[in-house]
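These notes are about the structure you will find just below.
Protein chains: 2
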Amino acid sequence: MTTAAPAPVPAAGGGRDLPHPAPEEIRLESVLHALSDPMRLRIVRELAVEGDELSCSQFALPVTKSTSTHHFRVLREAGVIHQVYRGTAKMNGLRKDDLDALFPGLLDCVLTAAHRQSLRLGDG
Amino acid sequence: MTTAAPAPVPAAGGGRDLPHPAPEEIRLESVLHALSDPMRLRIVRELAVEGDELSCSQFALPVTKSTSTHHFRVLREAGVIHQVYRGTAKMNGLRKDDLDALFPGLLDCVLTAAHRQSLRLGDG
DNA sequence: CACGTCGTACGATACTCGTCGTACTACGGG
DNA sequence: CCCGTAGTACGACGAGTATCGTACGACGTG
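In order, the protein sequences belong to chains A and B. Reading the first sequence from the start, the letters are residues 0 to 123 in numbering that gives the first Met the number 0. Reading the second sequence from the start, the letters are residues 0 to 123 in numbering that gives the first Met the number 0.
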């Protein structure tokens, strides 16, 4: 407020910014739905392991760029991940703190379950 | 085999029996998908509280019988509930043991999360 | 400025899903 | 045997979704 930024200035290093749901707007059903897709569950698992400085293109998903964009948006709009532009790339990160505050232990349970299942099925 | 039942004999007290996935056939994605629908999440929550001797008609869901049947089937085929005929009624129960063995803590996390959210939103 | 890279937007398409209504079957009781 | 109750089967319909391709915009580097 005190800096009185004019308005059309988006931000220096960031570029344009993306709409995210506030914590109180995150719905359990949407989170579960977002996680119920194999491609998105894979994204979330990778994100949990690698930390939150991954651009969309580093995932090497077996789909086109359009479809990738779609899945990342579903995850973001459900409140599962946050996304920030950084130059030409878009960095992704899990909203672990927000999810843990809303649904304690849920994310870890799902990640553990996914890990165990991938071991069991031999695809992980 | 030794009894050599003709074939059309279904079973005595039980009536017809329904196909359930074996524990190793239960997929995390299917479980999450089954739980991501408000109506089904509601069924599962009620089942967790009331125990597993509830017939389909005791839920008083705001949908028709056809839709009810559909949701119960989705839950059964995902491995979330088991169903047994008992006379003209069909009794439902959570497959808590199987789910806990496959995905430890997941069911409790989701139930707790659902409970907290319903308190937060004032619809529970 | 020109170009390449990263990601978006939009339309198309095929599939899934939630819902309903109606017609039907299974079981139990008079 | 007839009827009522519990649930199923099937078809329909509208909404959502996962996918693609192509065209476009934003950013950084030469």
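For every residue, glycine included, the Cβ atom is placed at its ideal position computed from N, Cα and C. Given the structure is predicted, the values throughout are model-derived calculations rather than measurements.
Item                                                                                                                      : Value
Within chain B, partners of Leu-60 (chain A) - CB distance below 9 Å                                                      : Per Cβ cutoff of 9 Å: no residues; Leu-60 (chain A) is ~16 Å from chain B at best.
Any C-beta of chain A under 7 Å from that of Gln-116 (chain B)                                                            : yes
Between the CA atoms of Glu-28 (chain A) and Gly-86 (chain B) - distance to the nearest angstrom                          : 34 Å
Proximal chain A residues relative to Gly-104 (chain B), where beta-carbon distance stays under 7 Å                       : Gly-104 and Cys-108
Val-83 (chain B), DSSP secondary structure in three states                                                                : strand
His-32 (chain B) at chain A interface by Cβ criterion, 7 Å                                                                : yes
Proximity winner among B:Pro-103, B:Leu-101, B:Tyr-84 and B:Arg-94, relative to Arg-44 (chain B) (alpha-carbon distances) : B:Arg-94
Residue-level contact to chain A via CB, Leu-27 (chain B), 7 Å cutoff                                                     : yes
At least three beta-carbon pairs within less than 8 Å, the segment 71-79 of chain A to the segment 67-78 of chain B       : no
Min CB distance Ser-35 (chain A) to chain B below 7 Å                                                                     : yes
Partners in chain A for Leu-132 (chain B), counting only beta-carbon separations shorter than 7 Å                         : This structure does not reach residue 132 (chain B), given that chain B is present from 0 up to 123, and the question cannot be answered.
For Leu-34 (chain A) and Gln-82 (chain A), believed in contact at Cβ under 8 Å, the rounded distance                      : No, Gln-82 (chain A) and Leu-34 (chain A) are not in contact; Cβ-Cβ is about 17 Å, not under 8 Å.
Given Ser-54 (chain B) as reference, the closest of B:Tyr-84, B:Leu-31 and B:Asp-36 once Cα atoms are compared            : B:Tyr-84
Boundaries (first-last residue) of the alpha helix (DSSP H) holding Gln-77 (chain B)                                      : Here the sequence assigns Ala to residue 77 (chain B), which means Gln is not the residue at that position. Unbroken alpha helix (DSSP H) run through Ala-77 (chain B): 64-77.
Supposed close pair Pro-37 (chain A), Leu-101 (chain A) - CB separation, criterion 8 Å                                    : 24 Å between Cβ atoms; not a contact.
Where Leu-60 (chain A) sits in the DSSP three-state scheme                                                                : coil
Secondary structure of Leu-17 (chain B), DSSP reduced to three states                                                     : coil
Alpha-carbon spacing of Arg-115 (chain A) relative to His-114 (chain B), whole angstroms                                  : 26 Å
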